[in-house]
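Residue numbers (the working numbering), protein chains in the order written: chain A, 408 to 521; chain B, 7 to 123.
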Amino acid sequence: DVKVTQSSRYLVKRTGEKVFLECVQDMDHENMFWYRQDPGLGLRLIYFSYDVKMKEKGDIPEGYSVSREKKERFSLILESASTNQTSMYLCASIGAGTGNYGYTFGSGTRLTVV
Amino acid sequence: GNSVTQMEGPVTLSEEAFLTINCTYTATGYPSLFWYVQYPGEGLQLLLKATKADDKGSNKGFEATYRKETTSFHLEKGSVQVSDSAVYFCALSDLNAGGTSYGKLTFGQGTILTVHP
């Protein structure tokens with residue numbers, strides 16, 4: 408079964424810490440995405456990547472960066488965590504040219520910043 | 007820019023009731039439309055899709071019709087079950103299948119559905 412795996416289900420971090428959220432997919436997908444999910448706001452795109460070392464800003468990139476050194480791994484980095492970054496973070500991947508039919512989501516990481 | 011608006015929630019129904027969750031969108035061009043479902047403690051799963059006007063997507067008893075004239079994609083089910091309790095997201099992609107697409111999706115705010123026995 409194809410998978411997108413996020414390394415942690417729950418994380419608690421302190422304000423000002425550097426936080427790494429990891430996502431790994433085993434489907435050889437070109438495109439990978441990081442969304443955050445907040446009640447009443449749905450999912451909002453933070454960053455995406457369409458190839459190794461390539462990245463594009465989404466709708467809410469402020470306070471975040473990303474890294475994609477290998478095709479299967481896409482990391483979200485909170486340079487200096489703040490309480491307004493407390494949220495559910497979802498990673499997703501899709502193969503190029505599949506018309507969005509093959510989107511696969513991870514189970515999410517619930518991050519609490521205290 | 008693109009946007010998706012879903013009806014306000016949460017929605018609470020009794021088993022076997024009829025379900026409608028409204029979804030309207032704003033987009034340039036000819037978007038593809040989707041409904042995703044998120045069961046408790048899980049990631050999102052694609053429920054159904056439609057890629058052009060008048061297409062009807064269907065799956066697991068759920069249906070939605072792509073209405074270009076009203077820019078809507080309302081989700082319906084004739085008889086809900088307790089197991090349908092979940093969060094439902096309407097979403098669009100602004101590029102049709104076959105075109106160059108990175109797969110970016112714009113989501114609505116989500117509707118929480120609770121079905122009681």
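C-beta atoms are modelled at their ideal positions from N, C-alpha and C, and glycine is treated no differently. No experiment lies behind these values; they were computed from the predicted model shown.
### Message
What residue range does the beta strand (DSSP E) around T11(B) cover?
### Response
Your numbering for residue 11(B) matches position 5 in the second sequence. Per DSSP, T11(B) belongs to the beta strand (DSSP E) from 9–12.
#### Entry: Within chain A, the residues that G63(B) reaches when beta carbons sit closer than 9 Å
Locating residue 63(B) in the second sequence gives position 57, where the first residue counts as 1. The contact set of G63(B) on chain A, defined by CB atoms closer than 9 Å, is empty, because the minimum CB distance reaches about 11 Å.
### Query
Using Cβ-Cβ distances below 9 Å, what residues of the stretch 26–48 of chain B are close to chain A?
Listed by position, the residues of the stretch 26–48 of chain B near chain A (Cβ gap below 9 Å) are S38, F40, Y42, Q44, G47, E48.
### Task
Express the C-alpha separation of G423(A) and G63(B) in angstroms, rounding to a whole number.
Within the second sequence, numbered from 1, the residue matching residue 63(B) stands at position 57. Within the first sequence, numbered from 1, the residue matching residue 423(A) stands at position 16. Taking the straight line from one Cα to the other gives about 46 Å.
### Message
Quick check: Y42(B) and K58(B), are their CB atoms within less than 9 Å of each other?
### Response
Working through the second sequence from its first residue, we reach residue 42(B) at position 36. Working through the second sequence from its first residue, we reach residue 58(B) at position 52. Not a contact, by the Cβ cut-off of 9 Å.
### Task
Could you tell me whether any Cβ in chain A is nearer than 9 Å to the Cβ of F68(B)?
Translated into positions along the second sequence, residue 68(B) becomes position 62. Chain A, which has no Cβ nearer than 9 Å to the Cβ of F68(B), makes this no.
### Query
Using a Cβ-Cβ distance under 9 Å, would V10(B) count as near chain A?
By one-based count along the second sequence, residue 10(B) stands at place 4. Cβ-Cβ to chain A under 9 Å: yes for V10(B).
#### Entry: Own chain, CB closer than 6 Å to E22(B), minus 5 neighbours either side, in chain order
Against the second sequence, residue 22(B) aligns to sequence position 16. Hits under 6 Å: S85.
### Query
Which first and last residues belong to the beta strand (DSSP E) in which V86(B) is found?
Taking the second sequence and counting its residues from 1, the one referred to as residue 86(B) is at position 80. No residue range can be given for V86(B), since it is assigned to no beta strand (DSSP E) and is classified by DSSP as neither H nor E.
### Message
Please list, in chain order, the chain A residues whose beta carbon lies closer than 9 Å to that of Q87(B).
### Response
Locating residue 87(B) in the second sequence gives position 81, counting from the first residue. Near Q87(B) there are no residues of chain A at all, since even the closest Cβ is about 23 Å away, more than 9 Å.
### Cβ neighbour criterion (16 or more within 10 Å) applied to S500(A)
One-based indexing of the first sequence puts residue 500(A) at position 93. Buried, by the Cβ-count rule.
### CB contact check: L111(B) to chain A, cutoff 9 Å
Indexing the second sequence from 1 puts residue 111(B) at position 105. At least one chain A Cβ lies under 9 Å of L111(B).
### Message
According to DSSP, simplified to helix, strand and coil, what is N65(B)?
### Response
The sequence position of residue 65(B) within the second sequence is 59, counting from 1. Strand at N65(B).
### Message
Under DSSP, the beta strand (DSSP E) around D60(B) begins and ends at which residues?
### Response
As a first step, residue 60(B) is located in the second sequence; it is residue number 54 there, counting from the start. No beta strand (DSSP E) contains D60(B), which DSSP labels as neither H nor E.
### Query
Would a C-beta distance cut-off of 9 Å place F95(B) and L50(B) closer than the cut-off?
The residue labelled residue 95(B) in the question sits at position 89 within the second sequence. The residue labelled residue 50(B) in the question sits at position 44 within the second sequence. For F95(B) and L50(B), yes; Cβs fall inside 9 Å.
### Task
Using a threshold of 9 Å, state whether the C-beta atoms of L111(B) and T18(B) are closer than that.
Counting from 1 along the second sequence, the entry for residue 111(B) is found at position 105. Counting from 1 along the second sequence, the entry for residue 18(B) is found at position 12. Contact flag unset, no.
### Query
So, helix, strand or coil for N491(A), using DSSP?
Translated into positions along the first sequence, residue 491(A) becomes position 84. Here N491(A) sits in helix by DSSP.
### Query
Quick one: does P468(A) have its CB under 9 Å from some CB of chain B?
Taking the first residue of the first sequence as 1, we reach residue 468(A) at position 61. Taking Cβ atoms only, chain B never reaches closer than 9 Å to P468(A), which makes this a no.
### Query
Leaving out the 5 sequence neighbours to the left and right, which residues in its chain are closer than 6 Å to T77(B) when beta-carbon positions are compared?
The count along the second sequence starts at 1 and reaches residue 77(B) at position 71. Correct list, in chain order: T30, Y31.
### Query
For the stretch 474–498 of chain A, which residues have a beta carbon sitting closer than 8 Å to at least one beta carbon of chain B?
Hits within the stretch, in order: L497.
### Any C-beta of chain C under 9 Å from that of L50(B)
No chain C appears in this structure, whose protein chains are A and B.
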